[in-house]
Structure formats: structure tokens, C-alpha cells
Amino acid sequence: MVRRLTLAFVVILLLVIGLLPVLSMFVKSVIADGRLSLAAYEGLLASVRQWTLMGHSMVLSSLVTALTVAVGVPLGILLGKTDLPWRRFFTLLFVVPLLIPPYIVAVSWFDLLGSEGLLAHVLGASATRTTARLLFGLPGCTAVLFSIFLPIPMMLTMIFLRTINPRLEEAGRLVAGWRGVMKEITIPLVLPGVLLSAMLVFLLSFGEFSVPNFLRYDVFPVESFTQFSAFYNFKAATAAAVPLAAVTLILLLAESAFLRERTYQLRPFPERERLPLIRLGTHRRWLFASAAIAGLVIVIVPLVVLVIQSAGIDAYAEALDRAGGSLLRSLAYAVAGATLLTFLGFFTGYLVQTKALRYWRSVDSLTIFLFALPSTVIGIGLISQWNTPWTNFIYGTPVIIILGYLAKYTALTSRISVTQLAQIPPSMEEAARVAGAGWFRRMAFIVAPLARRGLVAGWVVGYIFSLRDTGITMLVYPAGHETLPVRIFTLMANGSPQLIAALCMVMITATLLPAGIAWMVPAVLKRKVIG
Amino acid sequence: MIVTSLGYRYALVLTALLISAMTLVSCNGKSVSKTVTVYVSEDQVFSEPILQDFEKETGIKVNAVYDTEEANSTGTMNRLIAEKDNPQADVYWANEPIRAEVLKQKNVTASYVSPNAADIPPVFKDPDGYWTGFSARARVFIVHNSVKDKPRNVMAYADPRWKGKAVIANPLFGTTTVEIAALFTIWGDDKAKEFMAAMKRNEVAISTNNGESADFVAAGQYDFSLVDSDDAVNRMRQGKEVTMVYPDQEEDGIGCFIVPNAVMLIEGAPHPEAARELIDYLLSRKTERKLAFDDCAQIPLHPGVQTPPELKPIKDINVMRVSYTEVAGKLIEIQPVLKAWMEL
Numbered sequence: 006m007v008r009r010l011t012l013a014f015v016v017i018l019l020l021v022i023g024l025l026p027v028l029s030m031f032v033k034s035v036i037a038d039g040r041l042s043l044a045a046y047e048g049l050l051a052s053v054r055q056w057t058l059m060g061h062s063m064v065l066s067s068l069v070t071a072l073t074v075a076v077g078v079p080l081g082i083l084l085g086k087t088d089l090p091w092r093r094f095f096t097l098l099f100v101v102p103l104l105i106p107p108y109i110v111a112v113s114w115f116d117l118l119g120s121e122g123l124l125a126h127v128l129g130a131s132a133t134r135t136t137a138r139l140l141f142g143l144p145g146c147t148a149v150l151f152s153i154f155l156p157i158p159m160m161l162t163m164i165f166l167r168t169i170n171p172r173l174e175e176a177g178r179l180v181a182g183w184r185g186v187m188k189e190i191t192i193p194l195v196l197p198g199v200l201l202s203a204m205l206v207f208l209l210s211f212g213e214f215s216v217p218n219f220l221r222y223d224v225f226p227v228e229s230f231t232q233f234s235a236f237y238n239f240k241a242a243t244a245a246a247v248p249l250a251a252v253t254l255i256l257l258l259a260e261s262a263f264l265r266e267r268t269y270q271l272r273p274f275p276e277r278e279r280l281p282l283i284r285l286g287t288h289r290r291w292l293f294a295s296a297a298i299a300g301l302v303i304v305i306v307p308l309v310v311l312v313i314q315s316a317g318i319d320a321y322a323e324a325l326d327r328a329g330g331s332l333l334r335s336l337a338y339a340v341a342g343a344t345l346l347t348f349l350g351f352f353t354g355y356l357v358q359t360k361a362l363r364y365w366r367s368v369d370s371l372t373i374f375l376f377a378l379p380s381t382v383i384g385i386g387l388i389s390q391w392n393t394p395w396t397n398f399i400y401g402t403p404v405i406i407i408l409g410y411l412a413k414y415t416a417l418t419s420r421i422s423v424t425q426l427a428q429i430p431p432s433m434e435e436a437a438r439v440a441g442a443g444w445f446r447r448m449a450f451i452v453a454p455l456a457r458r459g460l461v462a463g464w465v466v467g468y469i470f471s472l473r474d475t476g477i478t479m480l481v482y483p484a485g486h487e488t489l490p491v492r493i494f495t496l497m498a499n500g501s502p503q504l505i506a507a508l509c510m511v512m513i514t515a516t517l518l519p520a521g522i523a524w525m526v527p528a529v530l531k532r533k534v535i536g
Numbered sequence: 008m009i010v011t012s013l014g015y016r017y018a019l020v021l022t023a024l025l026i027s028a029m030t031l032v033s034c035n036g037k038s039v040s041k042t043v044t045v046y047v048s049e050d051q052v053f054s055e056p057i058l059q060d061f062e063k064e065t066g067i068k069v070n071a072v073y074d075t076e077e078a079n080s081t082g083t084m085n086r087l088i089a090e091k092d093n094p095q096a097d098v099y100w101a102n103e104p105i106r107a108e109v110l111k112q113k114n115v116t117a118s119y120v121s122p123n124a125a126d127i128p129p130v131f132k133d134p135d136g137y138w139t140g141f142s143a144r145a146r147v148f149i150v151h152n153s154v155k156d157k158p159r160n161v162m163a164y165a166d167p168r169w170k171g172k173a174v175i176a177n178p179l180f181g182t183t184t185v186e187i188a189a190l191f192t193i194w195g196d197d198k199a200k201e202f203m204a205a206m207k208r209n210e211v212a213i214s215t216n217n218g219e220s221a222d223f224v225a226a227g228q229y230d231f232s233l234v235d236s237d238d239a240v241n242r243m244r245q246g247k248e249v250t251m252v253y254p255d256q257e258e259d260g261i262g263c264f265i266v267p268n269a270v271m272l273i274e275g276a277p278h279p280e281a282a283r284e285l286i287d288y289l290l291s292r293k294t295e296r297k298l299a300f301d302d303c304a305q306i307p308l309h310p311g312v313q314t315p316p317e318l319k320p321i322k323d324i325n326v327m328r329v330s331y332t333e334v335a336g337k338l339i340e341i342q343p344v345l346k347a348w349m350e351l
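First to last, the sequence lines map onto chains A and B. With the first letter of the first sequence counted as 1, position 235 gets the number 240 in this note's numbering; the numbers rise by one all the way through. With the first letter of the second sequence counted as 1, position 81 gets the number 88 in this note's numbering; the numbers rise by one all the way through.
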């Protein structure tokens, strides 16, 4: 009873925080003067421009998806299944772009390849005319989004590789070489992960606005934004967001039909279980060199560009002077957001994993739907729902920002919890129940401690995504509560490139620090225990 | 028993939530007796130092929401409209007066006639006090120095001599859309539409914003562009090969379009007294001088305030005589024309 009540409360919380704002926005878009009106939608459908933008979005998302999967899956296999040296370092290196706000990556490439970028200073402006032209448009957008989303298929491939029972591959190796085992056993077993990653990359590229806008490639989310920002037409803005929501829903339904059972059953084998590794032999060197070059171009070069651009104490002094308060606020909101996301994600994950309520599948779909929905839609929805005199304690305070984080990112902590909870034998909780422990006691003293790695991972992921959020925060932050990413955005208008680069570096450091600590502390503790 | 243990557990959860809430509040918790909330669409890099000076001089804490370039400086205005029934802001500092007119028409703003605005020319103020202009930009040509015979009026965009050699910022956004609307009010719809058609025939390139237009001209990719005076002054200060030309300065010319900043009081402002103090401060000569000599290089509207060397004082410019109220109305009216022109 307590379990059902608590989980029902979590579901209601999710509905109020996430679904209600989006629904209220939709309802307002179809009502004019108290009557049902589809005028906003008719205008949208009649415009040729919308179809062109939709085409652009489809092309961009498809290209990014195809490229990330084509490179990310082999990279995931290389890092997760072979004896390549420095595998752990490469894994962390390739994940870095996903952890920082996408527009920072775009800014960095602009600082390098733009008509007045670093390359232009070295080679002359005429030499960079072609690179600048390529950067601004479809090729540049594709390349930047590729570098940001590459870790998704890479990581999912690695995670799914860990779910394969080693005995299957060992049995296969008795009658075939690695090539045959990969083709007949390994690849088919990681295919759900590959498809899941393709769906996620497609949705995230489809809803991405900041990079295409910065690199001047018109995509569909621009239309919703333009209706909002140029014509002050909230109804048309909502109408323009509906196709985005529809594409998201269609892909989620497809995932639900073809993949869901596979991803729920995700149960990585414990680390102590030795996974069979492919010996690279003579290929080791050139594969190592290839991974190093890819890491250099995709991750290190953009970071080095920012470091060069921000060189000098003055830029950092100005950055901290102008944005010190924003940095502290960002950290505080990210900590609060991550903590609440961990709570909410844990209970949502528990609901999905144990199927404790009949509508567990809908709850899971809702969190993923909100994650994939463009931030503008959630942001406008939150304003529309909470901006009333009675709810000023939410709208006029940072609570509105935290609600935005919860609406958008619960899917991440929930999915992490599902994966972690799947590894806890149900018998543990069952035994405690038989011994008379109540549900909260079982949660607090059995399930949560056993799922602590997942909780820590969920907290770190929640922290990183809360910290890097711009889409929602930019729309809803109360006066005097701007966060660092928002500050970078607002200073980008006529702010000096050195200052912007320094702020970006501060942002990257603040983002990566807890991830680094979370990675290093267990390793150090382990070493001490062994020592 | 069950109730007690449940209460204990819920208390634990509530404590955790409370700690999170306190973290939030602690970031918010400076006890300041007087505060004012201002939404700003002038670039933060220029507006923030002014607001910080106001804080230092008056002791009034300023909470600001700034626009991003991504939002083409219209995000704050959207928030003001969305928050009309529950205003959060006290003051709006817009970087052009058309938004002020739109907000007036939507009953978002309130009347306030600042004593500091007495000698600002009436053309730059709302007669009913719903907004007051200060520190302006002029819409000027930025021309590459390699161009010998420089364009002198906006009709140059339609002159076949400049076919494929001119660029203009997206007319759906920013000061370009305002200037096009001003041309519609000065010339009438037919002439203005013919001008737009001629621009298209003349293969005028479209850039994303004025800054990009200025960069294109500075790089020699195009001969000229209509931009804001601060864009031109910045490129000149950076040593680029460009010159600034005030268009339509002939005696019978239509004049150069001036875009003042505009400040306004929000209807139902939570802190009206502090709001008036801030408005007075922004409309002071001191603020105009600061904005003139900052990188934004804005033209003071108070007579006698010093102007940086690259700019002409307002009295020496043949100013386009338009009513900003009419321009605001025209701007909304011509949106379909502009969308069609952009093939949206």
C-alpha cells in the first residue's frame, strides 16, 4: 500500500511537472475566444517554408545519425571489446563533448575555422574562406553535432557488449574465429543498443536548436522559435512545435514496439566476470593511432582552441568578475537539480523495473518523451502554467528552473536506475519483506545501498545535464538568477572572444570536475583497499 | 505505529527537499531593502556596467534579465507579454522604440514622464510618457574603402550599378525590419514594395544580422550594407578598411533613420518607486555619455553631451522624420509582405 501510494505520488509529480505544462500550451493553441480553433495549425500547414525546414531537419538528423552510428559502433567495439591500449582514457575522452553545452563546441570550431579564426591568422584569411563556408551550413552543423553525439552509440554499444553472456561467445569461438562470432553472435546481440542509440541521436539532433542557429542552418525548431521571438505569436509557436512532438512520439512508439523489452532486460555482467577480449595483434598500432587522431581532432583541438583563445590571466579575471555569481548559482542549482533528479529517477526507475503500477510503461514513455521534446516547448509550457499570482513562489524563484530540469532530465536518472536495479536480485528485497521490514526500510537499507553505484552515476549525470542546460533556463530564469550558460549566451552579443572563451573554459571545468572526481575516487579507494 | 514510522520516513524525504530548497534560497538570500527588476534587450556587455553603477550610486539592488543574440533580442519582450497578468519586471530597457510601442498597445507598460527627459527632442519620446528614448544608433552604410563612388541613399540597393554587391540583414528581425517599416510609412506601400522588388532583382544578399553584414563588408565580400552605427564604428576602431556613410543627407532627402534605446515603466510593477529612480538614471546625461564612449558608441540625444569622434552629434544629422507609433503599426502590417519577400 505504502509502495503504491509513494509511486503514485511520484507519477502525479511527473505529470504536474512535465506533462501539464506541455498540455496547457497545446490546449491554449487550439482555443481562440473561448472556441475551438485550428487557425494556428492551418497557417503552419499552408506554408511551403515549413516543409522545407522539416526537410532540412530530417536531412541533418539523418546525416548525424548515420555518421555517429557508423563511427560510434565500431569505436564502441574497439573500446569495449578489444585489448586496445588506453581504452578507459579514450572512452572518457570521446565522452567529453557530450558533457559540455553544444554551442560551446560550435563556438570553438568557429574560433578555429571562422574567417577571422586562429587558422586565418596562421594561413591567411583567403585560406579559411572555404572552411568558414563549410562550417556555416549543413556540413558544419553535421560535423559539430556528430562530435557531440558520437559518445551515445559508442557508450550504448559498450554497455550492450557487457550484457552478452561470455559463454555464448566462448562457445562460438570453439567453431569460428572472432569475425564469425562478431557477425553471428555479438553484433545481433548489441543491435537493440545500436537502434536505441540511433533513435536517441536522431531525436536529439532533431530538437537541437543552438548549433544550427549559430551555424546558420535553418531547421524546423527555428520556426517555433521565430514565431515566439519575431512575431510574439505563442499559438503559432506551439503549433510549430507540434510536428517536433509528433516525430518524437512516432519514434518512441517504434522503440516501444521493437526495442523496449530488450532494453528493460539490460543486465550488464559484473565487472569481476572476465569478458572475452579480441586480441588486436598486429592491428593494435594503427588502430591506436586512428583512435588517438580521432580523439585529437574531435575533442582535443576544440578544447585547445578555447584555451589559446582565452589565454591570459586578464580574460579569466574578467570572466570570474562578470560571471562569478552566475557560476555559484549554476553549481547550487545543478546540485539541487541533481539531488532531486536522483530521487525522482530512483523511484521512477523502481516503478519501471518492478512494474509496480499498471501504467509503468506510460510513465517511462512520458519521461523519454519529455527528454526528447525541444526545450523551447517545455520552457514556454512552464511559463504558461506557473506564471500566476498564486504560484509566484515557484515562478519568481529558482524553483521554476529546477522544475524545468526535473521535467527534461528525469528520463536519464530513471533509465540509469532501471539498469542498476535490474542487477539486484528480487530475492534480497523479498527476504527483507518476509523478515518484516516495511517498504521504506527495504528501500533505505536494502535497495538503495545495493543500487548506490547507479545513484551516484545518476547524480553525476543529473548534475552535468542540469549544469549545461540552456534551452529551458534561458526562457524561465527569474531576474537575478541567471546561470553561467545563460550568462555566456547573453555575453556572446558583442562580448570579446577572449572573455567568451574564458567563460567556456570555466564552464567546462565546472562540468567535468564532478565527473572526474566520481571516476577517480572509486579507483583510488580500490587501490588503497588492494594496497 | 504505522503512522509514526511513515511520518518519520516522510520527514526524512521532506528534510532532503528542504535542504535543496534552502540551497536555492541561500543563493537568493541577500537581504536588500530596495530592489528593482529590469528586463534588458540592449547587449549585456554594454548595459550591465550602467546597471552596476546605478546599484553602487543608489544602493538599490538590480535584478536583470538580459536578452540573448539567439533570441534576436526579443526574448525579454515575449516574457513581458507572457507575464502581463502577473508582472515580474519593473522596467524594460529596449534597444529600439518599436517594441515600446507594441507593449504600449498591449497595455503592458505604464506612463511615466521623467524629469531627466525634459530636453530630449519630442520625436524620440512617446507623447503620453509610455516610453522615452535615449542614446541612439543611426542606420548607416558601412562601405568598403575600395569603393570609390560611395552609395549616398538607400535607393542604392535598387541601383543596377550595385547588382550582387550589396548585403542587408534579415528584414524579419532587429533594426532592419524597423527601418523597412519606416520606409513604408515615408514612401507609402506601393513605392516601398517596388523598392523591395528592385532589391530582389538586384540580387541583394541577406545576412543573419547587422554584425555579420558589417563583417562581410569589412572582409571585402560585399561593397556596402545598411547597419547600425555601432557596428560600423566597431569595425572602424578595429582598423578595418571601411567607412561610415550617413544615407539620404541631401536637403530634400528622407534622412537617416535613428534608433534610440527606449526605457519604460511596466504596468503593475512590483517596485514602482525604485523603477522610477532607475528610469531617471538611464535618462541622465551621465548615462548617455557613458554609452557614447563605450564600445557601443551610441549617439546622445540630450543636447550638449559629448559625442565620440567617429560619430556626428544628433543636431548635425538629417534625421528621418517618422512617427514611431506609425512605424510600429506598419511593422505588424507588413509582416506578410516581408515573409513573402523572404519566401517563407
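For every residue, glycine included, the Cβ atom is placed at its ideal position computed from N, Cα and C.
Where Asp133 (chain B) falls, given that 16 or more other Cβ within 10 Å makes a residue buried: buried
Among A:Arg92, A:Leu12 and A:Tyr46, nearest to Ala296 (chain A) - alpha-carbon criterion: A:Arg92
C-alpha gap between Trp138 (chain B) and Tyr331 (chain B), whole angstroms: 11 Å
contact_flag[the stretch 331-348 of chain B, the stretch 82-99 of chain B] where n(CB pairs < 8 Å) is 3 or more: no
Beta-carbon separation (whole angstroms), Ile153 (chain A) vs Pro102 (chain A), contact threshold 8 Å: 5 Å
Contact list for the stretch 95-110 of chain B against chain A, Cβ threshold 8 Å: Gln95, Ala96 and Val109
Asp196 (chain B): contacting residues in chain A (beta-carbon distance under 9 Å): Those within 9 Å of Asp196 (chain B) in chain A number zero; the least Cβ separation is about 20 Å.
Close beta carbons around Pro158 (chain A), own chain, < 6 Å, minus the five adjacent residues each side: Thr73, Val74, Gly77, Val78 and Ser202
With 16 other Cβ atoms within 10 Å as the buried cut-off, status of Thr424 (chain A): buried
CB-CB length for Ala376 (chain A) against Leu426 (chain A), believed under 8 Å: The identity of residue 376 (chain A) in the sequence shown is Phe, whereas the question assumes Ala. That belief does not hold up - the Cβ atoms of Phe376 (chain A) and Leu426 (chain A) are roughly 19 Å apart, past 8 Å.
Spatial distance of Ala412 (chain A) from Lys170 (chain B) (CA atoms): 52 Å
Backbone CA spacing between Leu292 (chain A) and Ile164 (chain A) [nearest angstrom]: 21 Å
C-beta neighbour in chain A for Lys337 (chain B), strict 8 Å: no
Extent of the continuous alpha helix (DSSP H) to which Pro102 (chain A) belongs: Arg92 to Leu104
Span separating the alpha-carbon of Leu282 (chain A) from that of Arg290 (chain A): 17 Å
Local Cβ density within 10 Å of Ser38 (chain A), reported as buried at 16 or more and exposed below that: Checking the displayed sequence, the identity of residue 38 (chain A) turns out to be Asp instead of Ser. Under this definition Asp38 (chain A) is an exposed residue.
Proximal residues of chain A, C-beta to C-beta of Asn93 (chain B) below 8 Å: Asn392, Thr393, Pro394, Asn397 and Tyr400
Contact check, Ser389 (chain A) vs Ser29 (chain A), beta carbons under 8 Å: yes
Contacts that Ala484 (chain A) makes with chain B (C-beta to C-beta distance below 8 Å): Thr44, Val45, Tyr46, Asn70, Ala71, Val72, Gln95 and Ala96
CB contact flag (Val224 (chain A), Ser62 (chain A), <8 Å): yes
Whole-angstrom distance between Asp319 (chain A) and Ile193 (chain B), CA atom to CA atom: 49 Å
7 Å CB neighbourhood of Ser38 (chain B) in its chain, flanking five on each side removed: Any reading at Ser38 (chain B) must be qualified, since the residue scores a pLDDT of 45, below 50, and its modelled position is unreliable; the value itself is stated next. Within the same chain, Ser38 (chain B) has no close Cβ partners at all.
Short CB-CB distance (under 8 Å) between Val52 (chain B) and chain A: yes
Coil, strand or helix - Leu25 (chain A) by DSSP: helix
Member of B:Asn123, B:Pro122, B:Val45 and B:Tyr73 whose CA lies at the smallest distance from the CA of Pro94 (chain B): B:Val45
Local conformation of Lys91 (chain B) per DSSP, three classes: coil
Where Trp365 (chain A) falls, given that 16 or more other Cβ within 10 Å makes a residue buried: buried
Local Cβ density within 10 Å of Gln313 (chain B), reported as buried at 16 or more and exposed below that: exposed
Length at least 4, wholly inside the stretch 486-527 of chain A: the alpha helix (DSSP H) runs in chain order: 489-496
Where Gly85 (chain A) falls: helix, strand or coil (DSSP): helix
Close Cβ partners of Ile17 (chain A) (< 7 Å) along its chain, the five nearest in sequence each way excluded: none
Close-in-space but distant-in-sequence residues of the same chain around Gly48 (chain A) (CB under 8 Å, 5 per side omitted): Ala241 and Ala244
From A:Ala442, A:Thr344 and A:Phe351, residue whose alpha carbon lies closest to that of Arg420 (chain A): A:Phe351
Residues that Glu354 (chain B) contacts on chain A, provided the C-beta gap is smaller than 7 Å: With chain B represented from 8 up to 351, any question about residue 354 (chain B) goes unanswered, as that position is not in the structure.
Cα-Cα separation, Met448 (chain A) to Arg8 (chain A): 10 Å
Under 8 Å by beta carbon: chain B residues contacting Ile255 (chain A): Near Ile255 (chain A) there are no residues of chain B at all, since even the closest Cβ is about 26 Å away, more than 8 Å.
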